[in-house]
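Numbering (full-length UniProt numbering), first residue to last: 1 to 508.
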């Protein structure tokens, strides 16, 4: 028989899901279609403490649980929710067609969804207008997840861009499909024959990676990336905004970003927005580069890191702060979680990290103890499944969580500060400052976070009131400085769809 809690004891902490930002299609799962400028609590669709992954696409969201369940909501015009119909869904709903088929990972594109099961099989649903479902002779859309039969080998990681998708297999081979990068390639590489993987509507092996083993793949709106087991980052596709850290306007084949760009450290994690990238190295440092005009890099561009894209002679000197090179964003060092939307970002920073895990005494990066080491048997451990890689262990007794930060494009309130002004430097999400951030995820223009609420004060006691943290004050000062310098006064609010299909997206 459990003893009843005494009045002097605090109530147990609880995990809660929050959602905010663009909501034109109900992608926040709150039951309506109005944009939300402050985090709102989600209830009653799964146990929050069982949430494993959170992600989103152009107008839909997906959540994977520890048991492999998949919950979806939002825009469903092309069947991207995989529910067997094309009606928008305003609450997170179980994808029943996958019951009995545990899900490991989900990648949401603009209007389609790629699903990786725990046994390494890949399925897809939604729009197939550009071959992004990997089923070359299939219908224009699919409302129920269907297997991509041409991926014969076990897959360990997937990614979805605007109109293309990728997969990395257990042996480290990368496949790409969907014609999303082809139009830019033809325009920027006139007279050049593009590799098959840029034009294929079925999985095609990415050439140029034969001497490396991929462990992770990523997709932007018009670019792709692959992280290897050696900590090297390869990129290809459009470089319109400098997201490939190259002089070329378009890279038809993978090109490695030199280690010196990351202070000669191995890259352990990478995240991609639609036109910018974020990477974390083995020491926990975080680097950002690519498009910066909405604050998505979280920093001011320095003139020395800029260049003009190569047009004719690569030997000509570069000049002008046109694009950004990877540069360390020190306030994100040791971040436990990072997620990129189209042009905004979320991160979990602080808590116990960056630090060494108290159990295995190695650096904790992204809640992973690296490298794997024996753990005391009496500790509570959670296996972190990563097929195709050596098993790591996430230690629940070790460092975890921290404060939720946001920065970048904020026109629909996706940064969660109650305004629609862009955020130029990472700063805490105000209404979540008293909660412990555990997991974050982004759609194109919306945000979700799993947080642990603070324990309730004991009966008869008053909650402690504190002032803003030094980090928060510093972020606020940085934000004010950025606003003054840029002089950006975005008075006209554009709908998310208009932004994503405007001239800045190349007419897409």
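Yeah, the Cβ is synthetic: ideal placement off N, Cα and C, and Gly gets one too.
These figures come from a predicted structure and were not determined experimentally.
Shortest Cα-Cα distance from residue 37 to any of 299, 436, 432 involves 432.
By the criterion of at least three beta-carbon pairs nearer than 8 angstroms, the region 256 to 276 is not in contact with the region 195 to 203.
Contact between residue 125 and residue 143 holds, with the beta-carbon distance rounding to 7 angstroms and staying under 8 angstroms. For the pair residue 349 and residue 332, the Cα-to-Cα distance works out to about 7 angstroms.
At a Cβ-Cβ threshold of 9 angstroms, residue 241 and residue 181 do not count as neighbours.
With a cut-off of 8 angstroms on Cβ pairs, the region 37 to 48 is in contact with the region 86 to 104, counting three or more such pairs. A distance below 8 angstroms between beta-carbons, with the five flanking residues on each side excluded, links residue 440 to the following residues of its chain, in chain order: 54, 337, 338, 339, 346, 347, 348, 404, 447, 448, 449, 450.
Checking the DSSP bridge columns, you'll see residue 277 partnered with 272, 289.
In this chain, the beta strand (DSSP E) harbouring residue 233 covers 233 to 238. Nearest neighbour of residue 178 by Cα position, chosen from 168, 136, 343, 147, turns out to be 136. Judged by their CB atoms, residue 424 and residue 295 are nearer to each other than the 9 angstroms cut-off. With respect to residue 155, residue 206 sits apart: the two C-beta atoms are not nearer than 9 angstroms. In terms of Cα proximity to residue 140, the closest of 80, 185, 221, 63 is 80.
Around the Cβ of residue 50, a 10 Å sphere holds fewer than 16 other Cβ atoms; the residue is exposed. In the structure shown, residue 207 adopts coil according to DSSP, grouped into three states. DSSP links residue 346 through a beta bridge to 339, 406. In this structure, DSSP gives residue 170 a state outside helix and strand, which the three-state scheme calls coil. In the DSSP assignment, no residue is bridged to residue 148.
Linking residue 102 to residue 67 through their CA atoms gives a straight-line distance of about 7 angstroms.
Per DSSP, reduced to three states, the secondary structure at residue 137 is coil, with no helix or strand assignment. Taking 3 residues as the minimum length, the beta strand (DSSP E) runs contained wholly in the UniProt repeat "RCC1" (402 to 453) are 403 to 408, 423 to 428, 436 to 442, 446 to 452, in order along the chain. Within the same chain, Cβ atoms closer than 8 angstroms to the Cβ of residue 112 are found at 57, 78, 80, 124, 125, 126, 127, 128, 132, 133, 160, 165, the five residues on either side in sequence being excluded. Scanning its chain for C-beta atoms nearer than 6 angstroms, with the 5 sequence neighbours on each side dropped, one finds around residue 107 the residues 114, 158, 159, 160, in chain order. A direct Cα-to-Cα measurement between residue 221 and residue 15 gives close to 33 angstroms. Distance from the CA atom of residue 31 to the CA atom of residue 90, rounded to whole angstroms, is 5 angstroms.
If you ignore the 5 residues before and after residue 52, its C-beta comes within less than 7 angstroms of the C-beta of 64, 65, 66, all in its own chain and listed in chain order.
Residues of the same chain with a CB within less than 6 angstroms of the CB of residue 231, apart from the 5 flanking positions on each side, are 266, 267 in chain order. If you draw a straight line from the Cα of residue 427 to the Cα of residue 442, it is about 16 angstroms long.
Under the three-state reduction of DSSP output, residue 197 falls in the helix class. DSSP lists 64 as the beta-bridge partner residues of residue 53. Taking a contact as a CB-CB distance under 8 angstroms, the pair residue 204 and residue 176 counts as one, their CB atoms being some 6 angstroms apart.
Annotation: the continuous beta strand (DSSP E) that includes residue 74 extends over 70 to 74. Straight across, the Cα-Cα distance linking residue 234 with residue 183 is about 21 angstroms.
Short of 7 angstroms from the beta carbon of residue 88, and not among the five residues preceding or following it, lie these beta carbons of its own chain, in chain order: 25, 26, 74, 75, 76. The three-state reading of DSSP puts residue 112 in strand, counting E and B together. Judged by DSSP in its simplified three-state form, residue 261 adopts helix.
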